[in-house]
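Trainee: Handing you a structure now.
Numbering (the working numbering), first residue to last: -14 to 236.
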């Protein structure tokens, strides 16, 4: 459900804002032209979540400009992905934000309390997959989801995964993050009754081809209910998991 649009309509229904004020909110300029960027201010109205800033390749000044434009339109919470430690250090002098070096995520505002229908599990094959897993987990948390982390539970020691059967079988969505041959997603898919989002990582030796081996294994999973995102795309997995965990039954 489109959360912001729904809130506007409910506010009109309850008499908190007038029809004219609601119309102004809906008719507001959909984007700002900053020259170097065009922040999409209607993203939340269309999709239920505001635009996220991809930090790689942008200067701290550019990121700060986009954040300020979003904040000017009332967007208090802004998520920034793939932000290097060096850029984060410079950006922190320009805007008030929090930064995590492991996930390379930064955000303004506060993380909301969980409001999803259930719990998301983020599981990794190995410790080396944790940076991608944290990008996924923290993205999901930023969008109001409860996340349980199961790290280093790969198939090389399958008993480690099986010791967490309760968490796996009670999850509403599972994110399976693994490099090497990427078998973790198929194993979890054979245990869980919920959607499994597979994330191939670029962890592995030469023949893993920078994550291509894991990607192809996950795309060819024989377990039903497994979908796959791009190599190292923790953000995409966390965002999708959050959407699934907030699905409402539609009449």
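We put the beta carbon where it would ideally sit given N, CA and C, even for glycine.
1. My guess is that residue 188 and residue 181 are in contact by the Cβ rule of under 8 angstroms, so how many angstroms apart are they, rounded?
2. Residue 244 by DSSP, collapsed to three states: which one?
3. Measuring only the C-alpha atoms, how far is residue 91 from residue 121?
4. Within a Cβ cutoff of 6 angstroms, which residues of the same chain sit near residue -14, ignoring the five residues on either side of it in sequence?
5. Under 6 angstroms Cβ to Cβ from residue 116, same chain only, skipping five residues before and after it: list those, please.
6. What are the boundary residues of the beta strand (DSSP E) that includes residue 180?
7. Considering only C-alpha positions, which residue in the set 1, 218, 0, -9 is nearest to residue 124?
8. Pick helix, strand or coil for residue 190, following the three-state DSSP scheme.
9. Taking DSSP's pairing of strands, which residues face residue 107 in a bridge?
10. Quick one: complete beta strand (DSSP E) runs, 3+ long, within the region 28 to 78?
11. Are residue 168 and residue 103 closer than 8 angstroms when you measure CB to CB?
12. May I ask you to verify whether the region 212 to 229 touches the region 184 to 200, counting CB pairs closer than 8 angstroms and requiring at least 3?
13. Measure the C-alpha to C-alpha separation of residue 239 and residue 49 and round it to an integer number of angstroms.
14. In the DSSP output, which residue or residues are listed as bridge partners for residue 212?
15. Helix, strand or coil for residue 91 per DSSP?
Mentor: Taking the definition as stated:
1. For the purposes of this step, residue 188 is identified with residue 203 of the chain shown, where counting begins at 1. For the purposes of this step, residue 181 is identified with residue 196 of the chain shown, where counting begins at 1. Residue 188 to residue 181, Cβ: 19 angstroms. No contact.
2. Lying outside -14 to 236, the shown extent of the chain, residue 244 is not represented and no answer is given.
3. Locating residue 91 in the chain shown gives position 106, counting from the first residue. Locating residue 121 in the chain shown gives position 136, counting from the first residue. Their Cα atoms are separated by approximately 13 angstroms.
4. Residue numbering aside, residue -14 sits at position 1 when the chain shown is read from its first letter. Caution applies to residue -14, whose pLDDT of 42 falls short of 50 and renders its modelled position unreliable; the model cannot decide the point.
5. Start at 1 with the first residue of the chain shown, and residue 116 comes out as number 131. 87, listed in sequence order.
6. Walking along the chain shown from the start, residue 180 turns up at place 195. Where residue 180 is concerned, there is no enclosing beta strand (DSSP E), given that its DSSP letter is neither H nor E.
7. On the chain shown, position 139 is the one that residue 124 refers to. Closest option to residue 124, Cα to Cα, is 218.
8. Sequence index remark: in the chain shown, residue 190 carries index 205 (1-based). Of the three classes helix, strand and coil, the one that applies to residue 190 here is coil, per DSSP.
9. Residue mapping note: residue 107 aligns to position 122 of the chain shown, counting from 1. DSSP, once it has assigned bridges, lists 134, 160 as partnering residue 107.
10. 63 to 66
11. Within the chain shown, the letter at position 183 stands for residue 168. Within the chain shown, the letter at position 118 stands for residue 103. Cβ distance not < 8 angstroms, so residue 168 and residue 103 don't count as in contact.
12. yes
13. Here the chain comprises residues numbered -14 to 236, so residue 239 is not present and cannot be evaluated.
14. The residue you call residue 212 lines up with position 227 of the chain shown. Per DSSP, 182.
15. Within the chain shown, the letter at position 106 stands for residue 91. If DSSP states are grouped into helix, strand and coil, residue 91 belongs with the strands.
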